[in-house]
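Colleague: Note that the working numbering has the sequence shown beginning at 1, numbered continuously upward. Structure below; questions to follow.
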Amino acid sequence: MLTQRHQPIMKYMGFSLARFFQRDDEILRDRPVRKASFLPVDSEVALDNAFALGNTETVLLFLHDPFCPISSSAYEQMERVEATIHLIDVSSHSGLGRGIQARTGIRHESPQAIVLRHGEPVWHASHGRIRTEPVTEALAADE
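Right under this line is the structure:
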């Protein structure tokens with residue numbers, strides 16, 4: 001049985017006894033609330049539609065690899081953004097990432113977030129720089 005004397009060992013191992021004994025409903029309550037609406041972009045036609053929409057509205061593209069832990073972390077950040085996110089799964093549709101690079105001039109990376117406004121990229125970030133707050137600020141700028 002785990003007791004108070006085990007706390008230093010558990011902390012060293014990266015565990016918190018409080019978290020270890022937390023009830024499921026408490027764990028679910030602590031999870032971030034999903035605000036984003038993901039719209040899959042899985043073809044050239046869908047990508048064309050996203051860029052066409054970017055001529056009249058602000059569009060957020062998110063290039064994501066579900067097999068990459070860094071991309072999974074970025075996905076969790078994107079879930080908290082209150083917006084429609086055009087989601088490109090680059091592991092299944094790698095050609096779309098190259099197509100975005102050709103259209104925007106921004107080197108393809110994964111994960112990557114790109115904001116389009118008036119048909120042009122106005123902001124982008126990749127890897128650990130994809131955070132909820134900067135993405136939200138980029139979407140709100142110059143609206």
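Cβ coordinates follow ideal geometry from the N, Cα and C atoms, glycine included. All of these numbers come straight from a predicted model, not from anything done at the bench.
(1) Leaving out five residues on either side along the sequence, give the residues of the same chain with a beta carbon under 7 Å from the beta carbon of PRO134.
(2) Quick check on SER71: buried or exposed, where buried means 16 or more other Cβ atoms within 10 Å of its Cβ?
(3) State whether the stretch 56–73 contacts the stretch 102–120, with contact taken as three or more CB pairs (one from each stretch) at a distance under 8 Å.
(4) Below 8 Å, can you find three or more Cβ-Cβ pairs linking the stretch 95–105 to the stretch 78–87?
(5) According to DSSP, simplified to helix, strand and coil, what is GLY76?
(6) To the nearest angstrom, how far is it from the Cα of GLU44 to the Cα of LEU63?
(7) Using a Cβ-Cβ cut-off of 7 Å (strictly less than) and excluding sequence neighbours within five positions of VAL41, which residues of its own chain qualify?
(8) Do you know offhand how far ALA140's Cα is from GLY54's?
Modeller: Short version:
(1) Only residues of its own chain outside the window of five on either side were considered, and among them ALA125 have a CB closer than 7 Å to the CB of PRO134, listed in chain order.
(2) Per the 10 Å Cβ criterion, buried.
(3) Touching, yes.
(4) Not touching, per the Cβ criterion.
(5) The residue asked about is misnamed: residue 76 is Glu in this sequence, not Gly. If DSSP states are grouped into helix, strand and coil, GLU76 belongs with the helices.
(6) Take the alpha-carbon of GLU44 and the one of LEU63: they are about 14 Å apart.
(7) Take VAL41, set aside five residues on each side of it, and the residues of its chain with a beta-carbon closer than 7 Å to its own are LEU47, ALA50, HIS86, LEU87, ILE88 and LEU96, in chain order.
(8) So the alpha carbons of these two residues sit roughly 15 Å apart.
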